[in-house]
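For any residue, its number in the working numbering is found by taking its place in the sequence shown, counting from 1, and adding 153.
Heads up: the structure comes next, in C-alpha coordinates.
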Amino acid sequence: MKTIGNSSLFLMQQEMSGMSRLAAASPLSAQTISSRATEGEHPSGVSFHQVMRDALDRVDSLQQAASAQQNAVSSGQSDDLVGAMLASQQASLSFSALVQVRNKVASGVNDLMNMSI
(Lines of atoms letter the chains of each structure in order from A and count residues from 1; the text may use other names and numbers.)
(Lines give C-alpha, C1' and ligand atoms only; values in the text may rest on other atoms or scores of the structure.)
Protein backbone atom coordinates (compact mmCIF):
# COMPACT_ATOMS: atom_id res chain seq x y z
CA MET A 1 0.00 0.00 0.00
CA LYS A 2 1.36 3.43 -0.93
CA THR A 3 1.37 6.45 1.33
CA ILE A 4 0.51 9.98 0.30
CA GLY A 5 3.29 11.37 -1.89
CA ASN A 6 5.26 14.53 -1.26
CA SER A 7 3.49 16.35 -4.09
CA SER A 8 0.09 15.51 -2.60
CA LEU A 9 1.22 16.72 0.81
CA PHE A 10 2.57 19.91 -0.71
CA LEU A 11 -0.72 20.56 -2.53
CA MET A 12 -2.73 19.92 0.62
CA GLN A 13 -0.50 22.26 2.65
CA GLN A 14 -0.77 24.90 -0.06
CA GLU A 15 -4.58 24.66 -0.05
CA MET A 16 -4.67 24.82 3.75
CA SER A 17 -2.43 27.89 3.87
CA GLY A 18 -4.64 29.58 1.27
CA MET A 19 -7.71 28.84 3.40
CA SER A 20 -5.94 30.20 6.48
CA ARG A 21 -5.10 33.43 4.66
CA LEU A 22 -8.72 33.80 3.55
CA ALA A 23 -10.00 33.17 7.06
CA ALA A 24 -7.56 35.70 8.54
CA ALA A 25 -8.37 38.40 5.99
CA SER A 26 -10.55 41.19 7.28
CA PRO A 27 -14.00 41.07 5.73
CA LEU A 28 -15.31 44.03 3.77
CA SER A 29 -18.02 46.04 5.42
CA ALA A 30 -21.48 46.12 3.88
CA GLN A 31 -21.05 49.82 3.17
CA THR A 32 -17.81 49.22 1.24
CA ILE A 33 -19.39 46.44 -0.79
CA SER A 34 -22.49 48.49 -1.62
CA SER A 35 -20.45 51.54 -2.64
CA ARG A 36 -18.29 49.41 -4.92
CA ALA A 37 -21.35 47.70 -6.38
CA THR A 38 -22.96 51.03 -7.27
CA GLU A 39 -19.74 52.13 -8.95
CA GLY A 40 -19.72 48.91 -10.99
CA GLU A 41 -16.44 47.77 -9.45
CA HIS A 42 -15.90 44.18 -8.36
CA PRO A 43 -14.63 44.08 -4.73
CA SER A 44 -11.76 41.74 -5.58
CA GLY A 45 -11.33 42.67 -9.23
CA VAL A 46 -12.64 39.23 -10.29
CA SER A 47 -16.12 38.62 -11.63
CA PHE A 48 -18.50 36.07 -10.16
CA HIS A 49 -18.72 34.46 -13.58
CA GLN A 50 -14.96 33.91 -13.67
CA VAL A 51 -14.90 32.44 -10.16
CA MET A 52 -17.69 30.00 -11.03
CA ARG A 53 -16.02 29.08 -14.34
CA ASP A 54 -12.75 28.37 -12.50
CA ALA A 55 -14.59 26.25 -9.93
CA LEU A 56 -16.32 24.26 -12.67
CA ASP A 57 -13.02 23.70 -14.45
CA ARG A 58 -11.36 22.58 -11.21
CA VAL A 59 -14.16 20.11 -10.42
CA ASP A 60 -14.04 18.77 -13.97
CA SER A 61 -10.27 18.26 -13.84
CA LEU A 62 -10.55 16.49 -10.47
CA GLN A 63 -13.22 14.17 -11.85
CA GLN A 64 -11.18 13.39 -14.95
CA ALA A 65 -8.06 12.69 -12.87
CA ALA A 66 -10.03 10.40 -10.54
CA SER A 67 -11.50 8.56 -13.50
CA ALA A 68 -8.06 8.09 -15.05
CA GLN A 69 -6.68 6.71 -11.77
CA GLN A 70 -9.63 4.35 -11.38
CA ASN A 71 -9.19 3.10 -14.94
CA ALA A 72 -5.47 2.56 -14.34
CA VAL A 73 -6.17 0.51 -11.21
CA SER A 74 -8.94 -1.54 -12.82
CA SER A 75 -6.81 -2.32 -15.89
CA GLY A 76 -3.82 -3.34 -13.76
CA GLN A 77 -1.56 -0.51 -14.90
CA SER A 78 -1.36 0.83 -11.35
CA ASP A 79 -1.58 -0.66 -7.89
CA ASP A 80 -2.32 2.66 -6.16
CA LEU A 81 -5.82 1.82 -4.98
CA VAL A 82 -5.57 4.24 -2.05
CA GLY A 83 -4.60 7.10 -4.36
CA ALA A 84 -7.47 6.28 -6.70
CA MET A 85 -9.95 6.20 -3.83
CA LEU A 86 -8.64 9.49 -2.42
CA ALA A 87 -8.90 11.13 -5.83
CA SER A 88 -12.43 9.79 -6.21
CA GLN A 89 -13.47 11.13 -2.81
CA GLN A 90 -11.83 14.49 -3.49
CA ALA A 91 -13.72 14.77 -6.80
CA SER A 92 -16.96 13.76 -5.11
CA LEU A 93 -16.50 16.27 -2.29
CA SER A 94 -15.64 19.10 -4.67
CA PHE A 95 -18.71 18.30 -6.79
CA SER A 96 -20.92 18.28 -3.69
CA ALA A 97 -19.53 21.66 -2.63
CA LEU A 98 -20.18 23.04 -6.12
CA VAL A 99 -23.77 21.79 -6.01
CA GLN A 100 -24.28 23.45 -2.62
CA VAL A 101 -22.96 26.76 -3.99
CA ARG A 102 -25.32 26.44 -6.95
CA ASN A 103 -28.24 25.78 -4.60
CA LYS A 104 -27.38 28.81 -2.45
CA VAL A 105 -27.10 31.05 -5.52
CA ALA A 106 -30.43 29.77 -6.86
CA SER A 107 -32.04 30.33 -3.47
CA GLY A 108 -30.66 33.87 -3.34
CA VAL A 109 -31.96 34.63 -6.83
CA ASN A 110 -35.39 33.28 -5.85
CA ASP A 111 -35.38 35.45 -2.72
CA LEU A 112 -34.56 38.51 -4.83
CA MET A 113 -37.30 37.67 -7.32
CA ASN A 114 -39.87 37.32 -4.52
CA MET A 115 -39.00 40.66 -2.88
CA SER A 116 -41.63 43.33 -3.17
CA ILE A 117 -40.42 46.71 -4.30
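Note that the Cβ used here is the ideal one computed from N, Cα and C, for glycine as well.
Every value quoted in this text rests on a predicted model; they were computed, and no experiment measured them.
Under 8 Å by Cβ, that's how I've got residue i and residue j pegged, so tell me the actual separation to the nearest angstrom.
{"i": "Ala219", "j": "Leu251", "result": "Actually they do not touch by this definition, with Cβ atoms about 15 Å apart."}
{"i": "Ala216", "j": "Ala244", "result": "Reading off the sequence shown, one finds Gln at residue 216, where the question assumed Ala. Their Cβ separation, rounded to whole angstroms, is 4 Å, which keeps Gln216 and Ala244 in contact under 8 Å."}
{"i": "Ser247", "j": "Val212", "result": "5 Å"}
If you drop the 5 nearest sequence neighbours on each side, which residues of the same chain put their C-beta closer than 8 Å to that of residue i?
{"i": "Leu164", "result": "none"}
If I measure Cβ to Cβ from residue i and keep anything under 6 Å in the same chain, skipping five residues before and after, which residues do I get?
{"i": "Ser231", "result": "Ala225"}
{"i": "Asn256", "result": "none"}
{"i": "Phe201", "result": "none"}
Between residue i and the ligand MN, is there a pair consisting of the residue's CB and a ligand heavy atom that are separated by less than 8 Å?
{"i": "Ser214", "result": "Here there are no bound small molecules, and the ligand MN is not part of this structure."}
Apart from the five residues just before and just after residue i, which ones in its own chain have a Cβ nearer than 7 Å to its Cβ?
{"i": "Leu234", "result": "Val226"}
{"i": "Ala273", "result": "Because the chain spans 154 through 270 in this model, residue 273 falls outside it and cannot be assessed."}
{"i": "Leu265", "result": "none"}
Just to confirm before moving on: does the CB-CB distance between residue i and residue j stay below 9 Å?
{"i": "Glu254", "j": "Met205", "result": "Before going on, a small fix: residue 254 reads as Val here, not Glu. Yes. Within cutoff."}
Of all the beta strand (DSSP E) runs that stay within the bounds of the stretch 227-267, which reach a length of 3 or more residues? None, since the stretch 227-267 contains no complete beta strand (DSSP E) of that length.
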